[in-house]
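Undergrad: Below you'll find the structure I mean.
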Amino acid sequence: MRYDPLETEASKRILLELLDELGSDRRFGLVGGWAVHSLINRSFLEATGREYLRSRDIDVFLDCTGDFPGRFARVLGRMGFVPGEYRFRYTLILDRESMGKLDEKKAREKQPSELIYVYLEVLGYRECEAVGVWPNKIVGRAIRSGSLRLLQVEGREVFAPTEDFLFLLKADSLLGREGGEKRMKDACDLYGLLFYSPASVLELLRREGWKSGLARRALNAMLEEDVLEFIAGTLFGDRYKSGLVRRNLLRALEGLEP
Numbered sequence: 005m006r007y008d009p010l011e012t013e014a015s016k017r018i019l020l021e022l023l024d025e026l027g028s029d030r031r032f033g034l035v036g037g038w039a040v041h042s043l044i045n046r047s048f049l050e051a052t053g054r055e056y057l058r059s060r061d062i063d064v065f066l067d068c069t070g071d072f073p074g075r076f077a078r079v080l081g082r083m084g085f086v087p088g089e090y091r092f093r094y095t096l097i098l099d100r101e102s103m104g105k106l107d108e109k110k111a112r113e114k115q116p117s118e119l120i121y122v123y124l125e126v127l128g129y130r131e132c133e134a135v136g137v138w139p140n141k142i143v144g145r146a147i148r149s150g151s152l153r154l155l156q157v158e159g160r161e162v163f164a165p166t167e168d169f170l171f172l173l174k175a176d177s178l179l180g181r182e183g184g185e186k187r188m189k190d191a192c193d194l195y196g197l198l199f200y201s202p203a204s205v206l207e208l209l210r211r212e213g214w215k216s217g218l219a220r221r222a223l224n225a226m227l228e229e230d231v232l233e234f235i236a237g238t239l240f241g242d243r244y245k246s247g248l249v250r251r252n253l254l255r256a257l258e259g260l261e262p
């Protein structure tokens, strides 16, 4: 699975614009696919000669204290984001050919195939009045414990949860899905974080029982043959490397045993 490169390039362009607007602030940061890409792409590229998977959506966390949520909401408005189908999801529409931003009225004048939708989801540990947020316990634990690190994204600095919390967010996401391409993307991101992160994710996960327990459930779910073949084919271009993927995951499971 490789997302439409025009869609991922549009997503990246909007992400960089958002980072330019907000700067580096511990009250805001990346989670999800772009966080994983920014964290592991260099080591993955060195090991495989391939760029790590880009993301189609933009997932961020927000610390809902003080005046920052209001500032964040104003930035989204200036950029052209509008509330989506869920309170925590925002949508920005681009013309596929020109990459120019479109309001909803102009977008209705075009065919769906002429449009690119960039979705932004906002996670936090509680609701915000100024901006829609999806309350998430893992994000809350990361924020309250100060488990954040800086990432470099095209010369910009942005915070993200540490490797173990990024892994746990992806694990929780995978276990909450019944199927589909997003579940498979979660599996790829989990594998990538395990074996290409700068820090030892296994070592970080072993330190607390709730972390290792959630990680083990996710890794066991990834041992399904269709998931193994998908990881092998998508990350390494050869689904017949699924046996290697299985062995690596089994070793990781052994490393998480109490």
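Read in our numbering, the sequence shown has 23 at position 19, and its numbers run on one by one without any break. The C-beta atom is built at its ideal place from N, Cα and C for all residues, glycine as well. Note that the structure is predicted; figures quoted are calculated from it, not measured.
Evaluate glycine 196 with the Cβ neighbour count: other Cβ atoms within 10 Å of its Cβ, from every protein chain shown; 16 or more gives buried, anything less gives exposed.
TA: So glycine 196 counts as buried.
Undergrad: Kindly indicate which residue of Lys16, Glu13, Gly36 and Asp24 has the alpha-carbon position closest to the one of aspartate 176.
TA: With distances taken between Cα atoms, aspartate 176 lies closest to Gly36.
Undergrad: List the residues that DSSP assigns as beta-bridge partners of lysine 105.
TA: Lysine 105 is bridged to Leu98.
Undergrad: Over the uninterrupted alpha helix (DSSP H) stretch that includes glutamate 125, give me the two end residues.
TA: Taken as a continuous stretch (DSSP letters only), glutamate 125 belongs to no alpha helix (DSSP H), being part of the beta strand (DSSP E) at 119–128.
Undergrad: Under 8 angstroms Cβ to Cβ from arginine 31, same chain only, skipping five residues before and after it: list those, please.
TA: Here the set comprises Leu66, Asp67, Thr69, Gly70 and Phe72.
Undergrad: Pull up the DSSP beta-bridge partners for phenylalanine 65, would you.
TA: Gly33 and Leu127, per the DSSP bridge assignment.
Undergrad: Distance, Cα to Cα, asparagine 252 vs leucine 223?
TA: About 10 angstroms.
Undergrad: Should the region 107–115 be regarded as contacting the region 49–59, the criterion being three or more beta carbon pairs within less than 8 angstroms?
TA: No, they do not touch.
Undergrad: Output yes or no for whether 7 angstroms exceeds the beta carbon distance between threonine 95 and arginine 60.
TA: For threonine 95 and arginine 60, no; Cβs fall outside 7 angstroms.
Undergrad: Using DSSP's beta-bridge definition, name the partner residues of proline 165.
TA: Per DSSP, Leu152.
Undergrad: Once the 5 residues before and after phenylalanine 108 are set aside, which same chain residues still bring their CB inside 8 angstroms of it?
TA: The amino acid at residue 108 is misidentified as phenylalanine; the sequence shows glutamate. Closer than 8 angstroms at the Cβ level, and outside the excluded window around glutamate 108, lie Val86 and Ile97.
Undergrad: Rounded C-beta distance between leucine 124 and valine 64? I'm assuming under 8 angstroms.
TA: Between valine 64 and leucine 124 the Cβ distance is about 7 angstroms, and since that is below 8 angstroms, they are a contact.
Undergrad: Would you mind sorting lysine 189 into buried or exposed? The rule is 16 or more other CB atoms within 10 Å of its CB.
TA: With 16 or more Cβ atoms within 10 Å of its Cβ, lysine 189 is classed as buried.
Undergrad: Quick one: Cα of alanine 219 to Cα of leucine 208, how far?
TA: The alpha-carbon atoms of alanine 219 and leucine 208 are separated by roughly 11 angstroms.
Undergrad: Sort out for me which residues DSSP pairs valine 86 with in a bridge.
TA: Answer is Thr95, bridged to valine 86.
Undergrad: Considering only the beta carbon of each residue, do alanine 191 and alanine 39 sit closer than 7 angstroms?
TA: Not in contact: alanine 191 and alanine 39 (Cβ atoms no closer than 7 angstroms).
Undergrad: Is the CB-CB distance between glutamate 233 and arginine 221 below 7 angstroms?
TA: No. Outside cutoff.
Undergrad: For proline 202, does the three-state DSSP call read helix, strand or coil?
TA: Residue state, collapsed to three classes: coil.
Undergrad: Can you check DSSP and say which residues form a bridge with valine 157?
TA: DSSP, once it has assigned bridges, lists Arg160 as partnering valine 157.
Undergrad: Using alpha carbons as the reference points, say which of Pro202, Arg130, Glu229 and Arg181 lies closest to asparagine 45.
TA: That would be Pro202, whose Cα lies nearest to the Cα of asparagine 45.
Undergrad: Can you tell me the Cα-Cα spacing of isoleucine 62 and lysine 245, whole angstroms?
TA: Spanning the two alpha carbons is a distance of roughly 30 angstroms.
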